[in-house]
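What follows is a short report on a single structure.
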Amino acid sequence: MSRLYLPFFKSAKNRFFATRARPKVVILAALGTLICVALYLLTYKSVSYFHSQSELGIILSMKIFQMAWITIFAMLIFSSMITGVTTLY
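This is the structure in structure tokens:
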């Protein structure tokens with residue numbers, strides 16, 4: 016299995032650790048990491064706030080997670096339908 020990933024790791028190493036690192040790549044990687052960390056912290060704080068409330072907060076946080084999973088599932092189904100239709104025609 017590791018042999019399958021070897022070309023990917025080598026190309027990633029050459030992309031990010033080249034002899035002269037491109038500032039654009041470094042800036043975009045830092046910006047992407049910063050956005051991911053900010054979204055994680057925002058989600059964590061909001062869910063912990065809802066969860067710290069009484070009984071209603073626990074139910075509300077469970078409903079938010081259920082809504083997120085249903086949304087992800089609907090997006091997956093819709094994407095599969097679009098891919099199927101474009102492949103067919």
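Under the working numbering, the sequence shown is numbered contiguously, ending at residue 104.
Glycine is no exception: its CB is placed at the ideal position from the N, C-alpha and C atoms.
Hey, could you find the ends of the alpha helix (DSSP H) Arg37 is sitting in?
-> To locate residue 37, count along the sequence shown from 1; it is residue 22. Per DSSP, Arg37 belongs to no alpha helix (DSSP H) and is neither H nor E.
How big is the Cα-Cα spacing for Ile97 and Leu91?
-> Counting from one through the sequence shown, the residue named residue 97 turns up at place 82. Counting from one through the sequence shown, the residue named residue 91 turns up at place 76. Taking the straight line joining both Cα atoms gives about 10 Å.
Would you report the Cα separation of Ala83 and Ile73, rounded to the nearest angstrom?
-> In the sequence shown, the residue the question calls residue 83 occupies position 68. In the sequence shown, the residue the question calls residue 73 occupies position 58. Ala83 and Ile73: Cα-Cα distance of roughly 16 Å.
Alpha carbon to alpha carbon, what distance is there between Ser67 and Asn29?
-> On the sequence shown, residue 29 is found 14 positions in, with the first residue counted as 1. On the sequence shown, residue 67 is found 52 positions in, with the first residue counted as 1. Roughly 46 Å between the two C-alpha positions.
Which of helix, strand or coil does DSSP assign to Tyr59?
-> For this step, residue 59 is matched to residue 44 along the sequence shown. It is helical.
Expressed to the nearest angstrom, what Euclidean distance is found between the alpha-carbon atoms of Lys39 and Ser69?
-> Looking up residue 39 in the sequence shown gives position 24. Looking up residue 69 in the sequence shown gives position 54. Roughly 47 Å between the two C-alpha positions.
Beta-carbon spacing of Thr79, Phe65 below 8 Å | Mapped onto the sequence shown, residue 79 falls at position 64. Mapped onto the sequence shown, residue 65 falls at position 50. Here residue 79 turns out to be Ile, not Thr, going by the sequence shown. In contact: Ile79 and Phe65 (Cβ atoms closer than 8 Å).
Simplified DSSP state of Ser17, which is helix, strand or coil = Walking along the sequence shown from the start, residue 17 turns up at place 2. Ser17 falls in the helix class under three-state DSSP.
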